[in-house]
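J.: Here my numbering is used: the sequence shown runs in plain steps of one and ends on residue 131.
Here a beta-carbon is modelled for each residue, glycine too, at the ideal position from N, C-alpha and C.
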Amino acid sequence: MPVDLTESVRHKTILEKATRTADQTDAPVLDTHDFEGQALVVHVDSHTDGTHDFDLEVSDDGTTFRSPDPVQADDLPTVDSSSDTGDYYTAYLGSARYVRPVVTVSGSPSTGATYSVHGVVGEPSSSPVD
2 MPVDLTESVR
12 HKTILEKATR
22 TADQTDAPVL
32 DTHDFEGQAL
42 VVHVDSHTDG
52 THDFDLEVSD
62 DGTTFRSPDP
72 VQADDLPTVD
82 SSSDTGDYYT
92 AYLGSARYVR
102 PVVTVSGSPS
112 TGATYSVHGV
122 VGEPSSSPVD
């Protein structure tokens, strides 16, 4: 039976597509309130130099962030000269309400990498979702 995903899934662009050469440590957050499932999608468009290590932070209050327990989230990519362009996914399986990406850049890039990060929430506590 076909399923109407517009009734149960929401998307948020967390980091707009841009070329970056510096750390991203204070990205907007994905609020997972009223949803049981959440994921981050990193879309890597191009890479020129530097190493861009993507990670995930979570928070119960939206202010104090921490790394999740390793069993609660898959690793996000480290993007460098050997990385493929495309999409990389990770789900967060913990109970924290807020999720955000963190990117640590090393190697003193002059032109960097072009990417965006998106959040997806699903499995709402009630349906349909606003």
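Ignoring anything shorter than 3 residues, give me the beta strand (DSSP E) runs that lie fully in the segment 58 to 103, in order along the chain.
T.: 87 to 93
J.: Let me know if A23 comes out buried or exposed under the rule of 16 or more other beta-carbons within 10 Å of its beta-carbon.
T.: exposed
J.: Within its chain, find whatever has a CB closer than 6 Å to the CB of V80; leave out the 5 residues flanking it on each side and keep chain order.
T.: V45, H48, H53, A114
J.: Comparing C-alpha positions only, which one of H12, D35, A97 sits nearest to G120?
T.: H12
J.: Suppose the cutoff is 7 Å on Cβ atoms and the five residues either side in sequence are ignored; what does the same chain contact list for D32 look like?
T.: Excluding residues within five positions, the ones whose Cβ falls inside 7 Å are R98, Y99.
J.: Could you give the residue range of the beta strand (DSSP E) that holds H34?
T.: According to the DSSP assignment, H34 belongs to no beta strand (DSSP E), since it is labelled neither H nor E.
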